[in-house]
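Q: Structure provided below as structure tokens; questions to follow.
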Amino acid sequence: MDIPSNVIEKLQSAKKIVFFSGAGISAESGIPTFRGKDGIWNKLSPEELANFNAFIKNPKLVWEWYNYRKSIVHQAKPNLGHLAIVEFENIFSEVIVITQNVDNLHRRAGSKKVYELHGNIERNFCIKCKKHYDGDLDFQEGVPNCSCGGLIRPDVVWFGEMLPAEQFRLSEKAAQSCDIFLIVGTSAVVYPAASLVYTAKSNGAFLVEVNIEETEVSTIVDVSLFGESGKILPKIVEQIKQIRINK
Ligand code: BV8
Ligand code: ZN
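Residue numbers (the numbering used here): 23 to 269.
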């Protein structure tokens, strides 16, 4: 598919590009999404797993779930969508990635400016003394305990928890000042992350959605590009480069 000319024109004059990504951008790396047809929420609801009370009630179950997801993340590799976003950094003066994903794939792909709104599955901390235990925890089963005796949890944002203030502040600033805001692989149903789409809209940014289907924000974006991000994002890079060569 060809990228619509209005998207290419906007990109040509753009200085600051922001990508707002969700689980869909990692789907082609083999990491299941949350709400899609094979979404992990279909089997177990988020309330049962991704919240603090569920963790306190049954830390073993929650850790089993995160260890399962970590095993998938460890085998996963950044895909052509992540890599195309890194390529944007060689073409545009400022590229920022705001991600809801906890899989670290944008950073592993080489993106330099990544704001993680929902934490990072590779990081952990003690709920009592807040000591960090990042990287692999050496526990086979059951639950890991801190040297102070406290329970260790994954450093991800659960439902009902605040987002990391600095990451969110920087993300809002980026959404308020960008020329183009690309919404990639997210159902845009989780708040306050999804509010950044409206922040970008009110700043007058050009909104481009990349998704395999319609989402909550399809009615307010300027252009929806339907297809896999691993195909569409490299296509955008290819067309921009083509124009620059012909210039
Ligand atoms: C907060 C944890 C308050 C990490 C996640 C009732 C009770 C409690 C809270 C609420 C409530 N009602 C509303 C809320 C607020 C709640 C919320 O928004 N709920 C929603 C569900 C209604 N938000 C919160 O609780 C947040 N905190 O509000 O705190 C507060 C305020 C002040 C003071 C104290 C507290 C915290 C939200 C963070 C929750 N954590 N995950 C983890 O384990 O991963 S949410 C989870 O959803 C992930 O983080 C994920 O990133 C996020 C968003 O999902 P998506 O990334 O969009 O993934 P999804 O599967 O939905 O969609 C994938 C998309 O990709 C689809 O559109 C699909 O079509 C597309 N796709 C698939 N393949 C491809 C593709 N696109 C392109 N190419 C492909 N190949
Ligand atoms: Zn501790």
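Even for Gly, the Cβ is constructed at its ideal location relative to N, Cα and C.
Do I205 and E183 have their CB atoms nearer than 8 Å?
A: Contact: no.
Q: Express the C-alpha separation of A196 and V136 in angstroms, rounding to a whole number.
A: Approximately 11 Å between the Cα atoms of the pair.
Q: As a quick exercise: from A106, R175, A227, pick the residue whose alpha carbon is nearest that of E86.
A: Residue R175 is the option with its Cα nearest to E86.
Q: Cβ of I205 within 7 Å of any heavy atom in the ligand BV8?
A: For the ligand BV8, not one heavy atom lies less than 7 Å from the Cβ of I205.
Q: Counting contacts by CB-CB distance shorter than 8 Å, is E144 in contact with chain B?
A: Among the chains in the structure shown there is no chain B, since it carries only a single protein chain.
Q: Would V178 and G207 be called neighbours here (beta carbons separated by less than 8 Å)?
A: It is not a contact, given that the beta carbons lie outside the stated cut-off.
Q: One question on the structure: do L33 and I262 come within less than 8 Å of each other, judged by their Cβ atoms?
A: Taking 8 Å as the Cβ cut-off, L33 and I262 qualify as a contacting pair.
Q: Compare the C-alpha of T241 against each of L229, E250, I234, E144 and name the closest.
A: Per the Cα distances, L229.
Q: Rounded to whole angstroms, what's the CA-CA distance from V84 to P166? Just pull it up for me.
A: Cα-Cα distance, rounded: 12 Å.
Q: Output needed for D156: all residues of its chain with C-beta closer than 7 Å, excluding positions within five of it in sequence on either side, in chain order.
A: Here the set comprises E144, R145, N146.
Q: Shorter than 7 Å, the distance from the beta carbon of K150 to the closest heavy atom of the ligand ZN, or not?
A: Yes, Cβ of K150 sits closer than 7 Å to a heavy atom of the ligand ZN.
Q: Please report how far the alpha carbon of I249 lies from the alpha carbon of V239, in whole angstroms.
A: Looking at the sequence itself, residue 249 is Gly, so the reference to Ile does not match. Going from the Cα of G249 to the Cα of V239 covers about 16 Å.
Q: Would you say T237 and A215 are within 8 Å of each other, going by their C-beta atoms?
A: Result no, Cβ atoms of T237 and A215 do not sit closer than 8 Å.
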